[in-house]
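Undergrad:
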Amino acid sequence: MKRIPSCIFYLFIFFSANLAAQQSEEIVQSQAPIREILAGTDSISLEKFILWHSILDTMVWRYHRHNATMNINRFSDASTLDFRLSAQEKLEQQIDRDYVGARLSQDQLDRPALLNITGLTRFGANALRNYKNRPRNVSELPIPSQMEMDILNIIWENEHATGREIYEGLDSTQLLTFLQLRENLQQMSKTGFLSEKIISPQNPFTFMTPLGDYSFEMSPKNKRNREYEYRPLVARQDMFNYLSSRLYLLNGEASPPQSEVEKIHELLLRMISSSQTSHLLP
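Note that the sequence shown ends on residue 295 in our numbering; no numbers are left out.
Right under this line is the structure:
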């Protein structure tokens, strides 16, 4: 009876040892794949494990590099174009700021503008054209002929007239063709008595040059039937006063040129005989 407890004790120890041995074998068997991976026996799993770690390392490196690039301190220098932006600024502020454009505008304000030769030449050509068509002082013009005085009287009546209206208003006793009249009108425009403007239909071809815009008529019919409107560049009253003072000075001379006196006297008579010159008389 005394050996029964001891036998039970030994049996308990035996079964406990067997159970522990079985558990240790299961643990060893469950850890076998990890050992094989670490030992390099499973090459495919090892390659996947290394690839996954390399991708993870690359992502972490790019993340830190991106943060290092964006964390730039902003500063500006008045003497240089250098500037740096901070990642903490709002996107709208970065878009609205034009640092380069602001600097270029500042440079243009500080420095004189470059000379535009083409624009300056065109401006000079337009100024010369306007200068030729300006109202003239009578003393700058030569004494008109009798034909020119008749033409001026017709234009002065309505302040403007076309070539056909002038031709119809001339005295029929004057043997003058329309082509000859047109030549006289063009000469008076060059001299400075009149300004001319085309009023007939046009089909021009205009091209730009450094000296201004020039055009020529493409239609032969329009060129053949071209019509101008003429306006006086000298006032009637100024012409009358100038001729009167000129005649007075000539009569005051000891021996005035008789031909010039007769010419001016005839011009004054033609002005007085005009239908619209009665207000010129005292």
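C-beta: ideal position from N, C-alpha, C; glycine also.
For residue 102, I'd like the list of residues in its chain whose CB is within less than 6 Å of its CB, leaving aside the five on either flank, ordered along the chain.
TA: For the purposes of this step, residue 102 is identified with residue 89 of the sequence shown, where counting begins at 1. Its pLDDT being 49, under 50, residue 102 is placed unreliably in this model, and the coordinates cannot settle the point.
Undergrad: Could you tell me whether the stretch 275 to 283 touches the stretch 209 to 219, where touching means 3 or more Cβ pairs closer than 8 Å?
TA: no
Undergrad: Let me confirm a value: residue 174 is counted as buried when at least 16 other C-beta atoms fall within 10 Å, else exposed. Which label applies?
TA: For this step, residue 174 is matched to residue 161 along the sequence shown. Residue 174 comes out buried.
Undergrad: By DSSP, does residue 172 sit in helix, in strand, or in coil?
TA: For this step, residue 172 is matched to residue 159 along the sequence shown. In this structure, residue 172 counts as coil in the three-state DSSP scheme.
Undergrad: Look up residue 192 in the DSSP assignment and say whether it is helix, strand or coil.
TA: Within the sequence shown, the letter at position 179 stands for residue 192. Looking at residue 192 - three-state DSSP - the assignment turns out to be helix.
Undergrad: Note down, in chain order, each residue of its chain lying with its Cβ closer than 6 Å to the Cβ of residue 286, except the 5 sequence neighbours on either side.
TA: Your numbering for residue 286 matches position 273 in the sequence shown. Nothing listed; no residue qualifies.
Undergrad: Measuring only the C-alpha atoms, how far is residue 194 from residue 264?
TA: Numbered from its first residue, the sequence shown carries residue 194 at position 181. Numbered from its first residue, the sequence shown carries residue 264 at position 251. Distance between the alpha carbons of residue 194 and residue 264: 33 Å.
Undergrad: Can you grab the Cα-Cα spacing for the pair residue 169 / residue 237, in whole Å?
TA: As a first step, residue 169 is located in the sequence shown; it is residue number 156 there, counting from the start. As a first step, residue 237 is located in the sequence shown; it is residue number 224 there, counting from the start. C-alpha separation (whole angstroms): 27 Å.
Undergrad: Closer than 8 Å by C-beta to residue 257: which residues in its own chain qualify, once you throw out the five before and the five after it? Chain order, please.
TA: Here the question's residue 257 lines up with position 244 in the sequence shown. Only 281 meet the Cβ criterion.
Undergrad: Since residue 245 is in the beta strand (DSSP E), which residue starts that stretch and which ends it?
TA: For the purposes of this step, residue 245 is taken as residue 232 along the sequence shown, with counting starting at 1. Taken as a continuous stretch (DSSP letters only), the beta strand (DSSP E) holding residue 245 covers 241 to 245.
Undergrad: What does the alpha-carbon distance come out to for the pair residue 70 and residue 64?
TA: Within the sequence shown, the letter at position 57 stands for residue 70. Within the sequence shown, the letter at position 51 stands for residue 64. So the alpha carbons of these two residues sit roughly 10 Å apart.
Undergrad: If distances are taken between C-alpha atoms only, which option among 151, 75 and 74 comes closest to residue 247?
TA: Your numbering for residue 247 matches position 234 in the sequence shown. Minimum Cα-Cα distance from residue 247 among the listed residues 151, 75 and 74 corresponds to 151.
Undergrad: Just mark residue 164 as buried or exposed, buried being the case when its beta carbon has 16 or more other beta carbons within 10 Å.
TA: Locating residue 164 in the sequence shown gives position 151, counting from the first residue. Counting other Cβ atoms within 10 Å of its Cβ, residue 164 reaches 16 or more and is therefore classed as buried.
Undergrad: Please name the residue in 253, 243 and 266 whose C-alpha comes closest to that of residue 200.
TA: Counting from 1 along the sequence shown, the entry for residue 200 is found at position 187. Answer by Cα proximity: 243.
Undergrad: Taking residue 187 as the reference, give the member of 153, 216 and 161 with the closest Cα.
TA: As a working note, residue 187 is residue 174 in the sequence shown. Answer by Cα proximity: 161.
Undergrad: With DSSP as the reference, identify every bridge partner of residue 228, one or two as the case may be.
TA: The sequence position of residue 228 within the sequence shown is 215, counting from 1. Answer is 219, bridged to residue 228.
Undergrad: Specify the secondary structure class of residue 68 as computed by DSSP and reduced to three states.
TA: Within the sequence shown, residue 68 is the residue found at index 55, counting from 1. Three-state result, residue 68: helix.
Undergrad: Within its chain, find whatever has a CB closer than 6 Å to the CB of residue 252; leave out the 5 residues flanking it on each side and keep chain order.
TA: As a first step, residue 252 must be located in the sequence shown, where it is residue number 239. Result list for residue 252: 151, in chain order.
Undergrad: I think residue 166 touches residue 283, with their Cβ atoms under 8 Å apart; what is that distance to the nearest whole Å?
TA: As a first step, residue 166 must be located in the sequence shown, where it is residue number 153. As a first step, residue 283 must be located in the sequence shown, where it is residue number 270. Yes, they are in contact, since the Cβ atoms of residue 166 and residue 283 sit about 7 Å apart, within 8 Å.
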